[in-house]
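Residue numbers (the numbering used here), protein chains in the order written: chain B, 1 to 362; chain V, 1001 to 1264.
In structure tokens, the structure reads:
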């Protein structure tokens, strides 16, 4: 199966969508905040709206090329799309919805039944076959919508926020189900989400979209370790501190914009603008600064405490901001600090990552 | 018990008056003739012919209304902005035209000495004072209303249903046929019956364009008019007959029409 390669420009209401993206077979997550242009991108790919310029190519097949006025209509693109609110046909039952594409392509009734039954079984939803789609739960509708798209043998699959409209209990079930089903597919699959949790769940290749542009593309781990912007870091819950690398007494030191100094592995780092990244779970919290090894520390006020099951996320603020994630037990051992209390946040120099700022992206 | 407030009383009063205004004449008409009289009507050849012409013209006109109206309404629902507003105004023209004036206008367009009359006569086609004139008059008056109401149906469809269909490989025509129309099918049934009911009741436009020729263009409405001059009691009975047909159609609309909030 071929890659999706696109390169598009299109004016949206508040900004221009301008991006290059290549999606290989397998799952790629398209992450971005609401209003970043993710859904618009899907519509452009699917041929539901027309880009102002650019090309879209799926494997060997060019789907759109502004330069030679090629613009395949959606029905010829062989792209499967699962809409956020499913859009199942209300006048057909579950089997009717799934068999819709087959019927149109003139498949014999027996063939239609066979393929539909096969898909229902493969996706584990045989029991829904004769149900009226209006009576399905959100999660079930999501499954049927995906089955309906797969029945037409798409060469590219687009999923628009498949779990966003579901309630939390259904969400985790559908996430597991999607993961199992989508990993089996051998076609490029683009799953759109604004939920960093989803990215963490899938742990696949991620493309991050912001204001109509792809700002970073890489594996989940790459994203975590080297977030390309403060936005991505904040999105993933990683501390991302802007500042400058200075040389003091012959040794490099990172000075944040808030005025704190931190040490980090400085190999290959030039003096100048830089980012310091540290994971919340690598930060320890104390009431008194512990004696001993040279460590990075920040004395700051608790701004927010969020209890996430067995983890507690604590935001500390003075002129800099640092988020720490500790175990609930650790939190209790600290005497359950509340907002307004001052704590020491401590992390090792080698747990911090530092990177020179890349010149602003073009 | 809480006393109703003055504004509530005002609304209820207006409603009661209107209800009375609608129901009293209907009741009066229904009480005017005995069932036996109605049955005896059906033995008169002239009246049976008028009934036949009424139903025949309405039934011939219906598929034509659909053939013209459905694509127009769907096309219009996909237009927007100034184009759509202009087309909607065009659609409203026949709706605001007094029926008698519409009849005159049709006569001037398709009559023997009308704009296209001679052209049509060259092909041996003569429309006025024939059944075709009845059908054409129905088309002229009823189709715009039909299109207006279908427009509401089509506007209510979630566009993404059609997009989903396209993405599954359906052509635009297939999408229209297998998704759009089935989704609004109950509404369309209701509109078909409304169109029939409206067709059956036309008077002014038909009497001027098609004439009042018993056995050829005389529909029930026209027969009532003729009877009223000679035998008012027969006119009342005919009126009751026509009213019963309309009530049947109304009942059908409400049996087939979608329950509140199930559309689109």
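Ideal Cβ placement from N, Cα and C applies to all residues, glycine included.
Check whether chain B comes within 9 Å of residue 1260/V, counting only Cβ atoms and requiring the distance to be less than that. Its pLDDT being 46, under 50, residue 1260/V is placed unreliably in this model, and the value from its coordinates should be taken loosely. Output row for residue 1260/V: interface = no.
With a cut-off of 8 Å, do at least 3 Cβ pairs link the segment 346-356 of chain B to the segment 283-299 of chain B? yes
CA-to-CA distance, residue 1154/V to residue 1063/V, given in whole angstroms: 19 Å
Whole angstroms is fine: what's the gap from residue 356/B's alpha carbon to residue 277/B's? 11 Å
Between residue 1078/V and chain B, is there a C-beta pair that is closer than 9 Å? no
For residue 48/B, which residues in chain V fall below 7 Å Cβ to Cβ? 1163
Could you please tell me which residues of the segment 105-119 of chain B, in chain order, have their CB closer than 8 Å to any CB of chain V? 105
Residue 363/B burial status per 10 Å Cβ neighbour count (16 or more: buried): Outside the shown range of chain B (1 to 362) lies residue 363/B, about which nothing can therefore be said.
From the beta carbon of residue 89/B, is the nearest beta carbon of chain V less than 9 Å away? yes
Go to residue 1177/V, then tell me how far its alpha helix (DSSP H) extends in each direction, as first and last residue. First-last for residue 1177/V: undefined, no H or E at that position.
Is the Cβ-Cβ distance between residue 1167/V and residue 223/B less than 9 Å? no
Residues that residue 148/B contacts on chain V, provided the C-beta gap is smaller than 9 Å: 1164 and 1168
Consult DSSP for residue 1263/V and reduce its assignment to one of helix, strand or coil. In this predicted model, residue 1263/V has a pLDDT of only 42, less than 50, meaning its place in the structure is not dependable; the value taken from the coordinates is given anyway. Three-state DSSP puts residue 1263/V in coil, outside helix and strand.
Is there contact here, the segment 1134-1150 of chain V with the segment 1052-1066 of chain V, by at least three beta-carbon pairs under 8 Å? yes
Per the DSSP calculation, residue 325/B is bridged to which residue(s)? 313/B
Is there at least one Cβ from chain B nearer than 9 Å to residue 1183/V's Cβ? yes
CA-CA distance, residue 219/B and residue 50/B? 30 Å
Taking only beta-carbon atoms, is residue 1231/V less than 9 Å away from chain B? no
Would you mind listing the beta strand (DSSP E) stretches within the segment 142-184 of chain B that are 3+ residues and don't spill past its ends, in chain order? 156-160
Within 10 angstroms of its Cβ, does residue 1169/V collect 16 or more other Cβ (buried), or is it exposed? buried
Check the DSSP bridge columns for residue 281/B and list the partner residues they point to. Its beta-bridge partners do not exist; DSSP assigns none.
What alpha helix (DSSP H) runs, 4 residues minimum, are completely inside the segment 1103-1186 of chain V? 1117-1122, 1131-1155, 1159-1167 and 1172-1175
Quick one: Cα of residue 150/B to Cα of residue 300/B, how far? 53 Å
Does residue 103/B have its Cβ less than 9 Å from a Cβ in chain V? yes
Judging by CA-CA distance, which residue of 1049/V, 1012/V, 1034/V and 1003/V is the nearest neighbour of residue 1237/V? 1034/V
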